[in-house]
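Novice:
Numbering (my numbering), first residue to last: 2 to 263.
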């Protein structure tokens with residue numbers, strides 16, 4: 002009897018809560034209608050131009066190239082999951098700032114004198130298309146990242162020699178906190194500290210999105226909602242329609258699971 006009464010009360014409060022939740026999310030969604038900046042290749046082109054401008058003050062050899070290595074993907078033990086926070090690959094910061102590449106295993110090179118930019122992509126066996134999907138061609142990589150040319154990483158030294166490289170600048174340093182070798186030269190570090198107008202616009206937009214995402218998430222909290230459900234919503238439901246439908250469904254599933262265990 003008491004359980005049936007509790008269910009009826011929960012149902013009534015659930016309907017009331019759903020209406021209140023909908024109202025809260027509609028009000029919160031109005032705040033999210035701000036202009037979204039377009040992340041263009043010009044951001045990374047400007048970064049490279051600033052880096053080269055500093056290097057040309059001290060580098061006189063016209064056959065000098067910058068060679069940078071991107072982050073590597075490390076699997077979690079014997080699984081295909083990526084090691085790290087939330088099992089998501091995160092690109093090496095200096096490499097991303099310079100080239101804008103988000104995939105693992107890349108190398109990048111820049112001719113200090115001419116500014117010509119080259120990417121070296123990891124060569125993957127064609128049979129892995131089954132698991133990875135259609136792999137981009139070198140031409141597609143070139144167009145996507147706006148570089149002069151793209152090659153595979155199996156003959157980096159040979160390609161650089163063909164391009165006229167006689168001197169190579171690499172990133173060398175050590176993180177004073179972790180004592181790990183870090184790619185941290187003074188020139189690149191200084192360039193990253195001072196942001197361009199495009200970078201500032203993008204940072205402001207990211208801050209707004211983050212704040213509104215937390216507001217949306219807090220607005221759906223209820224007694225029966227589990228932490229893993231809120232995390233799932235936060236990670237995978239960014240669109241307003243998905244937020245609304247997924248939130249109401251999650252509340253219903255949480256209550257059903259609660260009563261099944263009693």
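We put the CB at the ideal spot given by N, CA and C, even for glycine. This one's a predicted model, so the numbers in the text were calculated from it and none came from an experiment.
In terms of residue numbering, what span does the alpha helix (DSSP H) encompassing residue 169 cover?
Specialist: Counting from one through the chain shown, the residue named residue 169 turns up at place 168. Residue 169 -> not in any alpha helix (DSSP H); beta strand (DSSP E) instead, spanning 168–170.
Novice: So the candidates are 46, 51, 42 and 41; which of them puts its Cα closest to the Cα of residue 194?
Specialist: For the purposes of this step, residue 194 is taken as the residue at position 193 of the chain shown. When each option's Cα is compared against that of residue 194, the closest is 51.
Novice: Classify residue 232 as buried or exposed, calling it buried when 16 or more other Cβ atoms lie within 10 Å of its own Cβ.
Specialist: Numbered from its first residue, the chain shown carries residue 232 at position 231. Looking at its Cβ environment, which holds fewer than 16 other Cβ atoms inside 10 Å, residue 232 is exposed.
Novice: Under the assumption that residue 121 contacts residue 108 (Cβ atoms under 8 Å), give the Cβ distance between them as a whole number of angstroms.
Specialist: Taking the chain shown and counting its residues from 1, one reaches residue 121 at position 120. Taking the chain shown and counting its residues from 1, one reaches residue 108 at position 107. Contact flag correct, Cβ pair sits at about 4 Å.
Novice: To the nearest angstrom, how far is it from the Cα of residue 7 to the Cα of residue 225?
Specialist: Within the chain shown, the letter at position 6 stands for residue 7. Within the chain shown, the letter at position 224 stands for residue 225. Confidence is the limiting factor: at residue 7 the pLDDT is only 42, short of 50, which leaves the residue's position unreliable, though a coordinate-based value still follows. Going from the Cα of residue 7 to the Cα of residue 225 covers about 14 Å.
Novice: For residue 104, which option in 204, 172, 42 and 92 has the closest C-alpha, if you only look at C-alpha atoms?
Specialist: Within the chain shown, numbered from 1, the residue matching residue 104 stands at position 103. Nearest option by C-alpha distance: 92.
Novice: How big is the Cα-Cα spacing for residue 227 and residue 126?
Specialist: On the chain shown, residue 227 is found 226 positions in, with the first residue counted as 1. On the chain shown, residue 126 is found 125 positions in, with the first residue counted as 1. Distance between the alpha carbons of residue 227 and residue 126 is about 42 Å.
Novice: For the beta strand (DSSP E) containing residue 150, list its first residue and its last residue.
Specialist: For the purposes of this step, residue 150 is taken as residue 149 along the chain shown, with counting starting at 1. Counting along the chain, the beta strand (DSSP E) containing residue 150 begins and ends at 150–153.
Novice: What residues are listed by DSSP as bridge partners for residue 109?
Specialist: In the chain shown, the residue the question calls residue 109 occupies position 108. DSSP lists 69 and 120 as partners of residue 109.
Novice: Exposed or buried, what is residue 112 when buried is set at 16 or more other beta-carbons lying within 10 Å of its beta-carbon?
Specialist: Within the chain shown, residue 112 is the residue found at index 111, counting from 1. Buried, by the Cβ-count rule.
Novice: Alpha carbon to alpha carbon, how far is residue 54 from residue 200? Give it in angstroms, no decimals.
Specialist: In the chain shown, counting from the first residue as 1, residue 200 sits at position 199. In the chain shown, counting from the first residue as 1, residue 54 sits at position 53. Residue 200 and residue 54: Cα-Cα distance of roughly 18 Å.
Novice: In the DSSP assignment, what residue or residues form a beta bridge with residue 76?
Specialist: As a first step, residue 76 must be located in the chain shown, where it is residue number 75. Bridge partners of residue 76: 83.
Novice: With the cut-off set at 8 Å, would you say residue 153 and residue 102 are in Cβ contact?
Specialist: Counted from its first residue, the chain shown places residue 153 at position 152. Counted from its first residue, the chain shown places residue 102 at position 101. Not closer than 8 Å, so no.
Novice: Is residue 156 closer than 8 Å to residue 64 when the C-beta atoms are compared?
Specialist: As a first step, residue 64 is located in the chain shown; it is residue number 63 there, counting from the start. As a first step, residue 156 is located in the chain shown; it is residue number 155 there, counting from the start. No, these two residues do not count as a Cβ contact at 8 Å.
Novice: Output the distance between the C-alpha atoms of residue 115 and residue 205, rounded to the nearest integer angstrom.
Specialist: Residue numbering aside, residue 115 sits at position 114 when the chain shown is read from its first letter. Residue numbering aside, residue 205 sits at position 204 when the chain shown is read from its first letter. Going from the Cα of residue 115 to the Cα of residue 205 covers about 33 Å.
Novice: Which residues in the same chain as residue 68 place their Cβ atom closer than 8 Å to its Cβ, once the five residues preceding and following it in sequence are excluded?
Specialist: Taking the chain shown and counting its residues from 1, one reaches residue 68 at position 67. For residue 68, where only same-chain residues beyond five positions count, the Cβ hits under 8 Å are 108, 109, 110, 157, 161, 169, 170 and 171.
Novice: Assuming residue 149 and residue 118 form a contact by the criterion Cβ under 8 Å, report the distance between their Cβ atoms to the nearest whole angstrom.
Specialist: The residue given as residue 149 occupies position 148 in the chain shown. The residue given as residue 118 occupies position 117 in the chain shown. Residue 149 to residue 118, Cβ: 5 Å. Contact.
Novice: Name the two residues that bound the continuous alpha helix (DSSP H) containing residue 127.
Specialist: For the purposes of this step, residue 127 is taken as residue 126 along the chain shown, with counting starting at 1. Per DSSP, residue 127 belongs to no alpha helix (DSSP H) and is neither H nor E.
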